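First the structure, in the form of structure tokens, and then the observations on it.
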Amino acid sequence: MNPAARLLNTVERIGNRLPDPVFLFLWLVGGLILLSMIGAALGWSAVNPVTGDRLAAQSLLSPENLERLIIGMPRILADFPPLGIVVTIIYGASVAERAGLFATAIRGALLNAPRAILTPIVVVTGMVSHHASDASYVVVIPLAAVIFAAAGRHPLAGLAAGFAAVSGGYAGNLFPGASDALILGITEPAAHLIDPSYSVNIAGNWFFIIGVVLVFTPIVWFLTDRVIEPRLGPWAPSAHAAAPAASEKQPLTADEKRGLAWAGLALMGMIALWALITLLPGSPFVDPTAEPEQRFNPLYRSLVAFFAVTFFLTGAAYGAGSRSIQSHRDLVRMMRDGIAQLAPYIVLAFFAAHFVAMFNWSGLGPILAVNAAAELKSLALPAPLLLICVVFVSCFFDLFIGSASAKWSALAPIVVPMFMLLGISPEMTTAAYRMGDSVTNIATPLMSYFPL
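Position 329 of the sequence shown, counting from 1, maps to 329 under this note's numbering, and the rest follow consecutively.
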């Protein structure tokens, strides 16, 4: 067995021995309770350099914190920022996905791709397809192989490019979506440990996710066309090869084209409406009393509603045009089914919310952040090197824990406030985490779609 295979087997064995992320959070809560008792007994403390307040460790078994936990349990879950944001966006995105808008748009983009630029189109489509959630794996990867074969190129090269785009390019996109809402929603309460007034919005990583597309696309293009495909050798279709599904190779039907046209009109209408509201005098999206760099904060905070409504309207328009939606009951069913798929996340969110809240009550997060930041500042390490450390930590944990939100819920309360004290914004720290979480997806055998 070669070294690479042994490494993958070792990673898989370790990962299989880890418990479900829910129980990981239970372990973290247990360790946090013990650490808070030790910290309170030993008098651990620090001074918040931003506010000047003295921070002292608090035992989570104190009467006050026990009362907070027992009486406030429902409120802790309800106040968990990512939960409301994700549920709101899923209401709209589930309509667009189940009406067929995402799958048809992906198929249309790949079927019409010119042969010369087939690879970059597959890569960009794969990254943008993350708006379709897990459906992107099921649609893009096999379809990329089919499209490559139809163009006379090796289908395994297309499959590799599609998998790299969807999995390894998970952090890349052209527009924010549910994953941005989820991850940045976890960042905000972590930032509040140092600055309670800090606001993180869904567009906080917009430039970063576009940058990932611009950097990742030429890399995958070069590796696919210049390295992978030449090593695969010439390809000729076998008479015994399984034929691809008809739905994967057929051109778009008239109904599907009409649905896409109607969805495009709905999209342009929503963009025009939001722009009009922003430009009108007295716009609720502009705060004229704020500092210049903060005047558009209401607009940024409105983006969750914008994407939710846009997904809903474009999905409904596509469904009406393609006849995949027959009545308002179909819309309700699609939203209901979309929320039903969130059940695993809601279960995880309950435990993650309590871990984050208890971490905040204990005071250990700011104390650790202040002391660690002071040590790092004394070392005078450049910011890029610190961010690279976050990338590598994220890569390591991604080998064993697949859930991006589970990892970030555990890491954010430590690294976000620590890096804030070093002058690195929460959004930048989040971007570093997302980069590490993304690139390792194609290497870990524990990724659920790895066998696909």
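Quick reminder that beta carbons are idealized off the backbone N, C-alpha and C, glycines included. In this text, all values refer to a predicted model and were calculated from it rather than measured experimentally.
Nearest residue (CA-CA) to residue i, options the options
i      : options                           : result
Trp408 : Ile209, Phe355 and Leu34          : Phe355
Gly169 : Asn48, Val215, Phe397 and Val370  : Val215
Ser45  : Ala57, Glu427, Asp53 and Ile38    : Ala57
Thr187 : Leu411, Thr440, Gly211 and Leu379 : Leu411
Thr88  : Ala290, Ala353, Ala308 and Ala373 : Ala308
Thr278 : Leu303, Ala266, Ala254 and Lys257 : Leu303
Tyr137 : Gly152, Arg107 and Ala113         : Arg107
Phe80  : Leu386, Leu364 and Ile346         : Ile346
Gly319 : Trp274, Ala290, Gly264 and Asn360 : Gly264
Ser405 : Ala380, Arg153, Val86 and Leu182  : Leu182
Leu28  : Leu379, Gln250 and Pro413         : Pro413
Ser62  : Gly100, Val47, Asn48 and Ser36    : Ser36
Nearest-angstrom Cα separation, counted from residue j out to residue i
i      : j      : result
Ala245 : Leu368 : Reliability of the predicted coordinates at Ala245 is poor, the pLDDT of 48 falling under 50, and no value is obtained from them.
Arg115 : Ala96  : 29 Å
Arg231 : Leu376 : 46 Å
Leu223 : Cys395 : 21 Å
Pro371 : Gly423 : Here residue 371 is Asn; the residue named in the question, Pro, does not match the sequence. If I take the Cα positions, the gap works out to 15 Å.
Pro382 : Phe208 : 20 Å
Val416 : Ala349 : 19 Å
Arg336 : Phe175 : 25 Å
Gly315 : Thr125 : 18 Å
Leu184 : Val200 : 7 Å
Leu111 : Met358 : 51 Å
Ala241 : Ala149 : Because Ala241 sits at a pLDDT of 47, beneath the cut-off of 50, its placement in the model cannot be relied upon, and the following sentence gives the value as read from the coordinates. In a straight line, the C-alpha of Ala241 is about 12 Å away from that of Ala149.
Asp180 : His130 : 11 Å
Ala443 : Pro196 : 38 Å
Leu331 : Ala109 : 25 Å
Pro82  : Pro284 : 24 Å
Ser403 : His192 : 23 Å
Helix, strand or coil at residue i [DSSP, three-state]
i      : result
Ala443 : coil
Arg295 : coil
Ser45  : strand
Leu32  : helix
Leu273 : helix
Leu342 : coil
Arg98  : helix
Ala171 : coil
Leu348 : helix
Arg13  : helix
Leu61  : coil
Classification of residue i by the beta-carbon crowding that lies within 10 angstroms, buried from 16 upward
i      : result
Ile121 : buried
Ile14  : exposed
Ala243 : Interpretation of Ala243 is limited by its pLDDT of 44, a score under 50 that renders its predicted location unreliable; the figure taken from the coordinates is listed afterwards. The residue is exposed, with fewer than 16 neighbouring Cβ atoms inside 10 Å.
Asp398 : buried
Ala352 : buried
Gly233 : exposed
Ile194 : buried
Met418 : buried
Pro3   : exposed
Asp437 : buried
Leu18  : exposed
Given 8 Å, three or more beta-carbon pairs between the region 383–394 and the region 425–434: yes
Touching by the beta-carbon criterion (3+ pairs, under 8 Å), the region 153–161 and the region 202–209: no
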